[in-house]
Amino acid sequence: MKVKRTCRNCGTVWHDKKGIFGDLTFVGIFFNVLYSTITKGSAIDTEYMNDRDRKIRRSCPNCGSANVAESKITEQEEAKVTHIKELNAPAEPPKSMTPKEKKVGLGCLIIIIVIIILVIIGECIDEKTMIKTKRENDNASFERARVLLQSSEEQTFVVYENTLKELNSISSSHEKYNEAQILKRKADSLLSRSKYGSLAYKGQNYKTVKIGNQTWMAENLNYDVKGSKCYEDKQENCKKYGRLYYWATAMGIDEKYNKNYWEKSSKIQGVCPSGWHIPNSMEWETLVKFADHSYSLKDNFNNIAGKKLKAKSGWTDAKHEYCNLTGKAKETYAEKRNYENIPDFCNGTDNYGFSLLPVWAGTIMGGNSKLDNAKKEPKYSYGASYWSSTEKIKSRCYNPTQAMTWGVSTNGDYAYDLCLGKINLKPIRCVKD
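Residue numbers for the sequence shown follow our numbering, so the first one is 155 and each next one is one higher.
If you want it as structure tokens, here you go:
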């Protein structure tokens, strides 16, 4: 154990080590050494033996006086002394690496350098591969466009539009870029000529458009017959949106068939021009499936055909982030906000020039020609629904006072079919025989 000793002569204070059995006699020294051997496992407590003479004398290390006082060191004093020794102790020199550690470190460094080199080489290879692939794609796009535009056979505007997209994808660094620009101008010209046809009927010219294997009117029919009306009873709306018809009026038959089955299965010309007819439900479905191949009657609202068939403008002038979404993303957006603050109308993309506008009117309650209020349930709000000539569909439309309609959502992306009362007022699109 350690003790504090003070010289009464000069006042020097020092700490010393004292054996457990004292240090004034030979017997004390012997037993201290024996105790140290047992507890520490060493033959001799060398620190104690080297200083035993001074400890026996207990003389002052400064003046040599034997007039020394002894007292026990407190824990606080011992901790303070230890702290001072640690502060005054010389800093240990940095430990040098062993040869084995040097080899391991060098090996790790070499591995890291090799990995970095491999990554750089890989990126260079990927970049070259991408450049090569882009070049091959540009060559293929140019060749397809060249062959198509040199053909004497007329194509639909959809084909020319896709050709134009391919030509636009050719990079400016491609060696055939200038030739591609020439083909692009030709495609632009053919696109503008092929997008719409023309049909004269009852003093009015209508745009027509070929979509897939069908040719449709690209505008709503505006043929004034008894029983037809203008949207909101305004003549200017007839010029923009066409006229609205009860089902029997559109079919060109007696109004009694608004309450009874007519059940004619052949093509029905109705109010359409010669060589054209009122589309049946299957013809509408063909159009919708062309716009979205995934369309299914079993999941009537899970498609994006409506967005492709709607006009690019005329539905709304406002810009809203909801309208920029498509399909499920749009529905999820509305559900998260509990269908609050969702716009009632969104424009479409008009992929095929069909250009549907938001015209629908009339209810089964009385044929009012004013716009239905669907703001409370925007998910199920319908707009621009059109008559078909189909009266009955098994398990879906089986009331003699009803017939099938087809339309698009006002603010959604979907096209749909719906069985409605024949006394509703709906617009007409004619399809070519």
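Idealized CB from N, CA, C, for every residue including glycine.
Could you give the residue range of the alpha helix (DSSP H) that holds residue i?
i: residue 122; result: Lying before the first or after the last residue shown, residue 122 is absent from the chain, which here runs from 155 to 587.
i: residue 401; result: 401-405
i: residue 463; result: 459-463
i: residue 456; result: Residue 456 -> no alpha helix (DSSP H), and no H or E assigned at all.
i: residue 466; result: Per DSSP, residue 466 belongs to no alpha helix (DSSP H) and is neither H nor E.
i: residue 478; result: 475-478
i: residue 485; result: 482-490
Give the DSSP-derived three-state secondary structure of residue i in the structure shown.
i: residue 422; result: strand
i: residue 604; result: Nothing about residue 604 can be read from this structure; the chain reaches only from 155 to 587.
i: residue 541; result: strand
i: residue 364; result: strand
i: residue 558; result: strand
i: residue 566; result: coil
i: residue 551; result: strand
i: residue 579; result: strand
i: residue 289; result: helix
i: residue 251; result: coil
i: residue 513; result: coil
i: residue 339; result: helix
i: residue 223; result: strand
i: residue 586; result: strand
i: residue 379; result: coil
i: residue 571; result: strand
i: residue 369; result: strand
i: residue 397; result: strand
i: residue 319; result: helix
i: residue 264; result: helix
Can you name, in chain order, every residue of its own chain whose Cβ lies under 6 Å from the Cβ of residue i, other than the five neighbours on each side?
i: residue 557; result: 401, 545 and 576
i: residue 586; result: 369 and 430
i: residue 330; result: 296
Can you name, in chain order, every residue of its own chain whose Cβ lies under 7 Å from the Cβ of residue i, other than the five neighbours on each side?
i: residue 486; result: none
i: residue 414; result: 554
i: residue 467; result: 501
i: residue 422; result: 405, 431, 432 and 543
Can you tell which of the options has its C-alpha closest to the C-alpha of residue i?
i: residue 505; options: 331, 398, 464 and 451; result: 464
i: residue 568; options: 454, 436 and 433; result: 454
i: residue 337; options: 586, 317 and 260; result: 317
i: residue 217; options: 252, 164 and 508; result: 164
i: residue 298; options: 430, 324, 284 and 283; result: 324
i: residue 357; options: 548, 365, 460 and 378; result: 378
i: residue 559; options: 548, 543 and 549; result: 543
i: residue 364; options: 492, 450, 552 and 440; result: 440
i: residue 432; options: 444, 262 and 403; result: 403
i: residue 478; options: 490, 493, 507 and 461; result: 461
i: residue 367; options: 287, 444 and 286; result: 444
i: residue 293; options: 326, 426 and 447; result: 326
Following the continuous beta strand (DSSP E) through residue i, name the residue where it begins and the one where it ends.
i: residue 354; result: 351-355
Suppose the cutoff is 8 Å on Cβ atoms and the five residues either side in sequence are ignored; what does the same chain contact list for residue i look like?
i: residue 417; result: 545 and 546
i: residue 166; result: 160, 214, 215, 216 and 217
Using a beta-carbon distance below 8 Å, is residue i in contact with chain B?
i: residue 252; result: The chain labelled as chain B is not found in the depicted structure, where only one protein chain is given.
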